[in-house]
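Start counting at 1 in the sequence shown, then tack on 16, and there's your number in the working numbering.
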Amino acid sequence: MPPAATIEPSPPAGQATSRGADRSGVDKSGDKVRGMFAEIAPRYDLVNRILSGGIDLWWRHVTVRLAPPPLGGAMLDVCTGTGDLAIAYADRAAAPAAAQGLVPRIIASDFCRPMLDRGRDKAAARHPQIEWIEADAMALPFPAADFDLVTVAFGLRNIADTRRGLSEMARVCRPGGTLAILEFSLPANRIVRSGYLWYFRNVLPRLGNAVARNASDAYTYLNQSVEDFPSGERLAALVRSVGFTAVEQHPLTFGIATLTLATRCAGPVTSPAPKNG
Ligand SMILES: C[S@@+](CC[C@H](N)C(=O)[O-])C[C@H]1O[C@@H](n2cnc3c(N)ncnc32)[C@H](O)[C@@H]1O
């Protein structure tokens, strides 16, 4: 298991403005992001497996191991997409939960209906109990302190206002509850980082756009949004600033992805500033 650590140097700032456009020009407005994911929804899982060589399944497995399902409690997977992380949690919870009668409530939310529909279809046979809710991560339709665990995988970077999204996650997480963020990051090692950036800039957009057969350049957006997103200590500071403590960062696969874990403090959520960062 990779050790908990604060990892790589932060990339240049690329925070979203209140209009949804990134300071470096990446358009993260809700309509643009929702439309892009609606277009690639039918082939999203396939493209994920091809582009990551299946490693994304391992990253979700690590997430479920280090932030286990709250047996007898409730969890929310924000920006769930086609639900791979929510389903991994349901898989993990199934055996012991059935034995102990402590099945956790699992809610999977996203603002893109076609992505959610794929998730619901995938989970229908094995995990019909997962609740699929269409919701914007910046205005979650849940009461405060409703969840023992809040997770987000490869979604935080897509939310137009990162701080607002994180503040909502803090609001719905109970004091003492856990936040788990799985997100791409830039490897700390310079050689690995330059190889990774070459793949990210040259191979991934072409391969992703071709396999997904999309016209909206979704995988060009992926590469831009990853390079622009705050990671390492900047992400940790952002997480602390909205009401979490005990932030741990676990670099995965040379730091290509990072799992950030944090514990919700007692007390109110810090109100979101108009811009993140
Ligand atoms: C890259 S996908 C990640 C999906 C899934 N969590 C996974 O691990 O594969 C990002 C998802 O975030 C969703 N998303 C982006 N911004 C959102 C927002 N403001 N509110 C809700 N969902 C959002 C998109 O619709 C998309 O399904």
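Every residue, glycine too, gets a C-beta built ideally from N, C-alpha and C.
Around the Cβ of residue i, are there at least 16 other Cβ atoms within 10 angstroms (buried) or fewer (exposed)?
| i | result |
| --- | --- |
| P246 | buried |
| L275 | buried |
| I122 | buried |
| V168 | buried |
| Q116 | exposed |
| P284 | exposed |
| I146 | buried |
| A106 | buried |
| P112 | exposed |
| P191 | exposed |
| N64 | buried |
| L268 | buried |
| H266 | buried |
| N205 | exposed |
| G97 | buried |
| D38 | Low local confidence applies: a pLDDT of 44 at D38 is under 50, so the model's placement there is unreliable, with the coordinate-based value given in what follows. The residue is buried, with at least 16 neighbouring Cβ atoms inside 10 Å. |
| P203 | buried |
| R81 | exposed |
| L67 | buried |
| G248 | buried |
Can you tell me the Cβ-Cβ gap for residue i and residue j, rounded? I've got them flagged as a contact below 8 Å.
| i | j | result |
| --- | --- | --- |
| P120 | P86 | 5 Å |
| A176 | G46 | 6 Å |
| N174 | V49 | 5 Å |
Please tell me whether residue i and residue j are closer than 9 Å, where the distance is taken between their beta carbons.
| i | j | result |
| --- | --- | --- |
| K138 | G99 | yes |
| G89 | F163 | yes |
| L172 | I149 | no |
| I272 | S201 | yes |
| L195 | A110 | no |
| Y235 | L254 | no |
| S125 | L92 | yes |
| A57 | R134 | yes |
| F170 | D72 | yes |
| C189 | A161 | yes |
| P84 | R59 | no |
| V166 | V94 | yes |
| V298 | F270 | The requested residue 298 is not part of the displayed model; the chain covers only 17 to 293. |
| A226 | G181 | no |
| E199 | L118 | no |
| S210 | K44 | no |
- prompt: Does the region 201-220 come within contact of the region 132-143, defined as at least 3 CB pairs closer than 8 Å?
  reply: no
Inter-stretch contact (C-beta, 8 Å, three-pair minimum) for the region 248-264 and the region 180-198: yes
message: Whether or not the region 43-56 and the region 123-130 are in contact is what I'm after, with contact meaning three or more pairs of Cβ atoms, one per stretch, closer than 8 Å; do they touch?
response: yes
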